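Here the structure comes first, spelled out in C-alpha cells, and everything after it is commentary.
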Amino acid sequence: MLNIHGNSRWSFAVAVLLMSIAVSPAHADDDDDDNRSSKNGRKPLVINARWKDECGSCHMAYPPRFLSAESWRAMMAGLDKHFGSDASVDAATATEIGDFLEKNASAKHRIASSGSEPPLRITETRWFQSEHRKVADRWKDPRVKSPANCAACHTQAESGSFSERDIKVPR
Amino acid sequence: MLRLSYVSGLLFVCGLSAQPVLAQTPDEVLASFQGDAVESAPNFQGFSAARGEKFFKVKHGNDWSCTSCHTDNPAVTGKHARTDKPIDPLAPSANAERFTNAKKVEKWFKRNCNDVLDRACTPQEKGDVLAFLLTIRK
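Heads up: the protein sequence lines correspond to chains A and B, in order. Mapping to numbering that gives the first Met the number 0: the first sequence position 160 is 159, numbers consecutive. Mapping to numbering that gives the first Met the number 0: the second sequence position 6 is 5, numbers consecutive.
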C-alpha cells in the first residue's frame, strides 16, 4: 500500500517534470491544404524560447514553416531595418534564431507573387494569397486591420494552430 | 515518503516558476547611466525628470515619439504603433520587471532610439527618461 503510494508520487513528480519541459502543447497543420495534412496527422508547433521572445515582442511570432529557409536568411540579415523598425539582436541570439527558423522553415519553396527575390512578407507569398483568396475583402475590417493580424481570425494562432476548425472570420 | 513529497513539491515549483531573476534594480540601471554620462560628458550636471518627460513626449524628426507606442502615460499598457500588439507598462511602479535587466534595457534603447531619432540615445537622454519614469506613480 505504502509502496503504491510512493510510486504514484514518483509518477506525479515525473509528470510535473515533463510538464515543465514540454512547452509545445499545441498542434498545428503544416501544409497548404488542411484536409490533406489532417490525414497525415498533426505536427506539434516547434518552439524555441528565444524565437518566441524576440520575434514575438512587437508582433506574433510567425511560425517558421510560413517561409522558406532562404526567406528567413534574408530576414535575419536585415533586422536593423525590419519593415521600417530596428529589430536588431545580438550575434548569439541571431545565430540561434536563424538556425531555428531555417531548420523548421517550409520545405516547399514559398515564392513571392511578384518579383524574384525571396519574399520577406508572408502575405506576399503565392501560397498565402491563394489560401486567403476568399477572405481578401476582410482585411479592411477594423477588427482585423491587417493580414498580418493572424489571430483576428485564426483564434489559436498564438499557439500555432491554423486549422480550419479554429477559424472565426469577423463578419 | 517525506523525501518524495519534497521532490515532487520541488519539481512542481520548478514547473510553475517562470519568473525571471531580477538582476538589477532600476536605481542601479540609473547609476550605470550616470557613470556613462560622467565619462562621456565632463560637464555632466545630473539627470532631470522634467527634461526626460519632454524628451519622451516630443517627436525628434521622425513620425514616432516614445508615446507613439508607450502612450502619454507610461503607467498604463501601451500598443505598438504599427501592429497594435499590447506593450506592458514602462514605468517601474506599474511593471516590476522594467529596468531590471541591463542587457534588455540596452537592446530596447538601441532599437527604439533608432526608430524615433535615427541615432543612438546619449547616456544623458537615457538617464533623463529613466528619471522621469521613476517619478511616475501608478
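All residues carry an ideal CB built from backbone N, CA and C; glycine is no exception. Since the model is a prediction, treat every value here as computed from it, not as a measurement.
Chain C contact for C149 (chain A) (CB, 8 Å cutoff): In the structure shown, chain C cannot be found, because the protein chains are A and B.
Under 7 Å: does the beta carbon of A91 (chain A) sit that close to some heavy atom of the ligand MG? The ligand MG is not among the ligands present in this structure, which contains no ligands whatsoever.
Between the alpha carbons of I110 (chain A) and S39 (chain B), how many angstroms are there, rounded? Stepping through the first sequence from its first residue, residue 110 (chain A) is reached at position 111. Stepping through the second sequence from its first residue, residue 39 (chain B) is reached at position 40. Straight across, the Cα-Cα distance linking I110 (chain A) with S39 (chain B) is about 49 Å.
Closest Cβ-Cβ distance between H59 (chain B) and chain A: below 8 Å? Your numbering for residue 59 (chain B) matches position 60 in the second sequence. Not one chain A Cβ lies under 8 Å of H59 (chain B).
Looking at chain A, is there any beta carbon in it that lies within less than 8 Å of the beta carbon of D114 (chain B)? For this step, residue 114 (chain B) is matched to residue 115 along the second sequence. For D114 (chain B), a Cβ of chain A is located within less than 8 Å of the residue's own Cβ.
Is the CB of C57 (chain A) under 8 Å away from at least one CB in chain B? Along the first sequence, read from residue 1 onward, the residue named residue 57 (chain A) stands at position 58. Answer yes: the Cβ-Cβ gap between C57 (chain A) and chain B drops below 8 Å somewhere.
So, do the stretch 103 to 117 of chain B and the stretch 37 to 57 of chain B have three or more beta carbon pairs nearer to each other than 8 Å? With the cut-off at 8 Å, the stretch 103 to 117 of chain B and the stretch 37 to 57 of chain B do not touch.
So is T124 (chain A) buried or exposed if we call it buried at 16+ other beta carbons inside 10 Å? For the purposes of this step, residue 124 (chain A) is identified with residue 125 of the first sequence, where counting begins at 1. Its Cβ being crowded by 16 or more others within 10 Å, T124 (chain A) is buried.
Can you tell which of A:P62, A:A156, A:G97, A:P141 has its C-alpha closest to the C-alpha of G77 (chain A)? Start at 1 with the first residue of the first sequence, and residue 77 (chain A) comes out as number 78. The option with the nearest alpha carbon to G77 (chain A) is A:G97.
Less than 7 Å between C-beta atoms, sequence neighbours within five positions excluded: which residues of the same chain meet that for A60 (chain A)? Within the first sequence, the letter at position 61 stands for residue 60 (chain A). The residues are W50, K51, C54.
For F46 (chain B) and D35 (chain B), the rounded distance between their alpha carbons: Counting from 1 along the second sequence, the entry for residue 35 (chain B) is found at position 36. Counting from 1 along the second sequence, the entry for residue 46 (chain B) is found at position 47. Put simply, the backbone Cα of D35 (chain B) is about 12 Å away from that of F46 (chain B).
Please report the straight-line C-alpha distance between A25 (chain A) and T154 (chain A), rounded to a whole angstrom. The residue labelled residue 25 (chain A) in the question sits at position 26 within the first sequence. The residue labelled residue 154 (chain A) in the question sits at position 155 within the first sequence. With a pLDDT of only 41 at A25 (chain A), under 50, the local geometry of the prediction cannot be trusted, and the value read off the model is given with reservation. A25 (chain A) and T154 (chain A) have their alpha carbons spaced roughly 12 Å apart.
With a threshold of 8 Å between beta carbons, is S158 (chain A) in contact with chain B? On the first sequence, residue 158 (chain A) is found 159 positions in, with the first residue counted as 1. S158 (chain A) does not count as touching chain B.
Along the chain, where does the alpha helix (DSSP H) that runs through I166 (chain A) open and close? In the first sequence, the residue the question calls residue 166 (chain A) occupies position 167. No residue range can be given for I166 (chain A), since it is assigned to no alpha helix (DSSP H) and is classified by DSSP as neither H nor E.
Buried or exposed for W105 (chain A), please, with buried defined as at least 16 other CB atoms from any protein chain shown within 10 angstroms of its CB. If you number the first sequence from 1, residue 105 (chain A) lands on position 106. Going by the sequence as given, residue 105 (chain A) is Ser instead of Trp. Per the 10 Å Cβ criterion, buried.
Mapping the DSSP letters down to three states, classify G97 (chain A) as helix, strand or coil. For this step, residue 97 (chain A) is matched to residue 98 along the first sequence. Here G97 (chain A) sits in helix by DSSP.
The stretch 82 to 90 of chain A in contact with the stretch 60 to 71 of chain A per 3-pair CB rule at 8 Å: The stretch 82 to 90 of chain A and the stretch 60 to 71 of chain A do not touch, with fewer than 3 CB-CB distances between them shorter than 8 Å.
Which residues mark the beginning and the end of the alpha helix (DSSP H) in which P25 (chain B) is found? Residue 25 (chain B) sits at position 26 when you count from the first residue of the second sequence. It spans 25 to 39 - the alpha helix (DSSP H) in which P25 (chain B) sits, taken as one unbroken run.
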